[in-house]
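Quick note on this note's numbering: the sequence shown kicks off at 5 and runs consecutively. Each residue gets a CB set at the ideal place from its N, CA and C atoms; glycine is no exception.
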Amino acid sequence: MLRLVSVTDEPINSRAEGISMIYAGMLKKHELTFYRHIHIIHTREKDQNLIIGEGKHIVNVKFSYDPGKEFSSKDDEYLQLTMIEIIHQALLMLATQDEHLDIAILYAIKAELIRTPLDFRVKYKTFTHPKDKTFLANVIVHPLTRYFNIYLELEKNDTIITSLLIYKGINVPTYFPDYFSKGKWLKNEFILSGSCTDMDIHLSFNDYTLTYVSTSGMEGSAPKFELMKAEAYRKKALEEYLHTLNPAIVAVLKSSEN
Numbered sequence: 005m006l007r008l009v010s011v012t013d014e015p016i017n018s019r020a021e022g023i024s025m026i027y028a029g030m031l032k033k034h035e036l037t038f039y040r041h042i043h044i045i046h047t048r049e050k051d052q053n054l055i056i057g058e059g060k061h062i063v064n065v066k067f068s069y070d071p072g073k074e075f076s077s078k079d080d081e082y083l084q085l086t087m088i089e090i091i092h093q094a095l096l097m098l099a100t101q102d103e104h105l106d107i108a109i110l111y112a113i114k115a116e117l118i119r120t121p122l123d124f125r126v127k128y129k130t131f132t133h134p135k136d137k138t139f140l141a142n143v144i145v146h147p148l149t150r151y152f153n154i155y156l157e158l159e160k161n162d163t164i165i166t167s168l169l170i171y172k173g174i175n176v177p178t179y180f181p182d183y184f185s186k187g188k189w190l191k192n193e194f195i196l197s198g199s200c201t202d203m204d205i206h207l208s209f210n211d212y213t214l215t216y217v218s219t220s221g222m223e224g225s226a227p228k229f230e231l232m233k234a235e236a237y238r239k240k241a242l243e244e245y246l247h248t249l250n251p252a253i254v255a256v257l258k259s260s261e262n
């Protein structure tokens with residue numbers, strides 16, 4: 005796992021989850037997996053470069069980098085490229101003191117990312133058909149700076165049969181296990197759900213269409229599933245979700261806001 009945060013630039017904190025996920029995936033792809041967690045802390049302050057280990061497999065890297073005065077007003081591609089540069093330089097600094105990171109591979113990763121900085125996809129989950137190991141259902145995340153597109157794809161013999169957009173969510177990965185971590189194979193369809201959701205997503209093998217089936221018990225409504233949508237009306241979605249909770253819990257939550 006890799007995560008980028010900033011103590012001086014809010015746009016990094018609100019937009020960095022996607023590129024953090026992509027970089028973590030690239031390090032895993034290239035087998036640079038010695039560290040379980042690399043925490044990169046960005047600052048504009050000069051001469052603040054610092055590496056602090058926490059045990060054997062966790063490291064914090066504080067890194068000084070000035071992205072310029074107009075950084076926050078730039079477009080998404082510029083922001084993404086800047087965050088790639090910050091992560092790359094921080095990892096290079098770590099690599100000069102650590103044989104567990106290969107500098108040549110770090111440059112190769114950066115070169116691959118900057119070619120199409122907003123068009124990388126990460127495989128979150130794979131489900132294998134119990135009777136056919138060549139038949140897979142994959143949950144694919146396209147992490148953008150402001151939101152995440154989630155796709156469900158079917159793969160047969162290393163060939164993608166179909167890939168369908170199933171969710172446009174806020175740009176943090178914390179809800180993925182809740183919504184997209186469980187799969188069920190039936191004769192003519194695959195059903196995707198999660199550990200804490202009120203929506204089952206059915207993908208038909210006959211015509212590759214999606215059907216959304218609410219399990220909330222509220223006709224035509226799935227408050228939990230709606231809550232993390234990027235385009236959802238946040239207040240309305242939150243009110244619908246609170247309506248599903250125990251009144252005592254709601255009272256505690258509302259009192260804590262005051």
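Between Glu193 and Ser220, what straight-line distance do the alpha-carbon atoms span, to the nearest angstrom? Your numbering for residue 193 matches position 189 in the sequence shown. Your numbering for residue 220 matches position 216 in the sequence shown. The alpha-carbon atoms of Glu193 and Ser220 are separated by roughly 21 Å.
Under 7 Å from any heavy atom of the ligand GDP, does the C-beta of Leu83 make it? Because no ligand of any kind appears in the structure shown, any question about the ligand GDP cannot be addressed here.
Run of the alpha helix (DSSP H) containing Phe184, from where it starts to where it stops: Locating residue 184 in the sequence shown gives position 180, where the first residue counts as 1. Note, Phe184: alpha helix (DSSP H), 180 to 184.
Under 8 Å by Cβ, that's how I've got Ser88 and Ile44 pegged, so tell me the actual separation to the nearest angstrom. For the purposes of this step, residue 88 is taken as the residue at position 84 of the sequence shown. For the purposes of this step, residue 44 is taken as the residue at position 40 of the sequence shown. The residue asked about is misnamed: residue 88 is Ile in this sequence, not Ser. Contact between Ile88 and Ile44 does not hold, since their C-beta atoms are separated by about 12 Å, which reaches or exceeds 8 Å.
What does a CB cutoff of less than 7 Å around Thr132 pick up in its chain, not counting 5 residues either side in sequence? Position 128 of the sequence shown, counted from the start, is the residue given in the question as residue 132. Here Thr132 has Leu140 as same chain residues with Cβ atoms under 7 Å from its own Cβ, once five neighbours each way along the sequence are excluded.
Taking just the CA atoms, how far does Asn153 sit from Asp51? Counting from one through the sequence shown, the residue named residue 51 turns up at place 47. Counting from one through the sequence shown, the residue named residue 153 turns up at place 149. Asp51 and Asn153 have their alpha carbons spaced roughly 38 Å apart.
Below 6 Å CB to CB, which residues in the same chain sit around Tyr212 once its five sequence neighbours on both sides are set aside? Your numbering for residue 212 matches position 208 in the sequence shown. Contacts found: Thr166.
Are the CB atoms of Arg7 and Thr149 nearer to each other than 8 Å? Counting from 1 along the sequence shown, the entry for residue 7 is found at position 3. Counting from 1 along the sequence shown, the entry for residue 149 is found at position 145. No, the pair does not count as a contact, with Cβ atoms beyond the cut-off.
Does the distance from the C-beta atom of Ile118 to that of His34 stay below 8 Å? Locating residue 118 in the sequence shown gives position 114, counting from the first residue. Locating residue 34 in the sequence shown gives position 30, counting from the first residue. It is not a contact, given that the beta carbons lie outside the stated cut-off.
Straight-line CA distance for Asp70 to Thr120? Along the sequence shown, one-based indexing puts residue 70 at 66. Along the sequence shown, one-based indexing puts residue 120 at 116. Straight-line Cα distance between these residues: approximately 23 Å.
With DSSP run on the structure shown, which of helix, strand or coil describes Lys228? Within the sequence shown, numbered from 1, the residue matching residue 228 stands at position 224. Of the three classes helix, strand and coil, the one that applies to Lys228 here is helix, per DSSP.
Excluding the 5 residues preceding and the 5 following Gln84 in the sequence, name in chain order all residues of the same chain whose CB lies nearer than 7 Å to its CB. Indexing the sequence shown from 1 puts residue 84 at position 80. Here the set comprises Ile23, Pro121, Leu122, Thr149.
How is the beta strand (DSSP E) around Asp204 delimited, first residue to last? In the sequence shown, counting from the first residue as 1, residue 204 sits at position 200. Element bounds for Asp204: 203 to 208.
Which residue comes first and which comes last in the beta strand (DSSP E) that contains Thr47? On the sequence shown, residue 47 is found 43 positions in, with the first residue counted as 1. In this chain, the beta strand (DSSP E) harbouring Thr47 covers 41 to 47.
On the DSSP letters alone, give me the boundaries of the beta strand (DSSP E) that Asp136 sits inside. In the sequence shown, counting from the first residue as 1, residue 136 sits at position 132. Judged by DSSP secondary structure, Asp136 falls within the beta strand (DSSP E) whose first and last residues are 136 to 147.
Can you list, in chain order, the residues of its chain whose CB lies under 6 Å from that of Thr86, leaving out five sequence neighbours each side? The count along the sequence shown starts at 1 and reaches residue 86 at position 82. Excluding sequence neighbours, Thr86 sits near Pro71.
Could you say which of Ile195, Tyr111, Leu156, Leu96 lies nearest to Arg125 if we only look at CA atoms? Here residue 125 corresponds to residue number 121 of the sequence shown, with the count starting at 1. That would be Leu156, whose Cα lies nearest to the Cα of Arg125.
CB contact flag (Tyr128, Phe180, <8 Å): For the purposes of this step, residue 128 is identified with residue 124 of the sequence shown, where counting begins at 1. For the purposes of this step, residue 180 is identified with residue 176 of the sequence shown, where counting begins at 1. Yes.
Alpha-carbon to alpha-carbon, Val176 and Tyr151: For the purposes of this step, residue 151 is identified with residue 147 of the sequence shown, where counting begins at 1. For the purposes of this step, residue 176 is identified with residue 172 of the sequence shown, where counting begins at 1. The alpha-carbon atoms of Tyr151 and Val176 are separated by roughly 8 Å.
Pick out whichever of Tyr27, Asn210, His206 has its Cα sitting closest to the Cα of Ala115. Within the sequence shown, residue 115 is the residue found at index 111, counting from 1. For Ala115, the nearest C-alpha among the options comes from Tyr27.
Report buried or exposed for Thr130, applying the criterion of at least 16 other Cβ atoms within 10 angstroms of its Cβ. By 1-based counting over the sequence shown, the position of residue 130 is 126. Note on Thr130: under 16 other CB atoms within 10 angstroms of its CB, so exposed under the neighbour-count rule.
Could you tell me the boundaries of the beta strand (DSSP E) in which Thr130 lies? For the purposes of this step, residue 130 is taken as residue 126 along the sequence shown, with counting starting at 1. For Thr130, the uninterrupted beta strand (DSSP E) run begins and ends at 126 to 133, by DSSP.
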